[in-house]
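Q: Residue numbering for the sequence shown follows this note's numbering, starting at 43 and increasing by one per position. This is the structure, below, for whatever I ask next.
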Amino acid sequence: MRTVMVLNGPNLDKLGTREPEIYGALTLSDIAQKCAEFGEQHGLTIDFRQSNVESDLIVWLHEAAESKTPVVINPAAFTHYSVAIRDAASMLSAPLIEVHLSNPIKREEFRHTSLISGIAHGTVSGFGANSYLLALRAMLEL
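Written as structure tokens, this is what we have:
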């Protein structure tokens with residue numbers, strides 16, 4: 043089985059209670075379960091992780107780069123300002139797909155800038171939890 047690392051940034055551990063009108067009613071555990079089920083159906087092992095700490099995401103990206111593991115990442119707020127996460131992600135030789143539950147372009151102007159999009163193979167946003175599944179489906183083709 044091929045492993046895909048699914049990384050999640052700050053505040054995503056509060057899904058289900060944090061602004062459900064924007065992010066939906068599912069928890070991050072619900073999304074992890076959906077990703078695991080998708081993986082089982084398509085021969086993928088899903089390594090699903092979340093941290094509110096920027097350095098954790100950097101270490102995990104280094105791990106993925108060293109092991110040549112594909113990454114689906116929802117950097118959350120780090121999307122808009124973390125040069126360190128962008129630099130770590132740019133070390134990947136395996137595919138990288140950026141995901142967002144909401145569509146950042148429909149939101150506040152500061153959310154329109156992504157430091158990750160320019161180095162990702164693609165970005166999936168605006169489809170709620172399905173953004174993750176669409177990214178995993180795309181990963182099968184990369």
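Glycine included, each C-beta is placed from N, C-alpha and C at the ideal position. These numbers come from a predicted model, not from an experiment.
1. Buried or exposed for R128, please, with buried defined as at least 16 other CB atoms from any protein chain shown within 10 angstroms of its CB.
2. What does the alpha-carbon distance come out to for the pair T155 and N116?
3. Can you tell me the Cα-Cα spacing of W102 and H122, whole angstroms?
4. Distance check for G85 and L120, CA to CA, integer angstroms please.
5. How many whole angstroms separate the CB atoms of L70 and Q92, which I take to be in contact at a CB cut-off of 8 Å?
6. In this structure, what does DSSP give as the bridge partners for Q92?
7. Taking the continuous beta strand (DSSP E) assigned at H122, which residues delimit it?
8. In angstroms, rounded to a whole number, what distance separates the CA positions of A126 and A118?
9. Would you tell me roughly how many angstroms separate the C-alpha atoms of E79 and Y174, rounded to the nearest one?
10. Please list, in chain order, all residues of the same chain as I100 whose beta carbon is under 8 Å from its beta carbon, the five residues on each side excluded.
A: Concretely, from the data shown:
1. buried
2. 14 Å
3. 19 Å
4. Per the sequence shown, the amino acid found at residue 120 is Phe instead of Leu. Taking the straight line from one Cα to the other gives about 30 Å.
5. 6 Å
6. N50
7. Segment: none, H122 is in no beta strand (DSSP E) and carries neither H nor E.
8. 14 Å
9. 12 Å
10. A126, I127, A130
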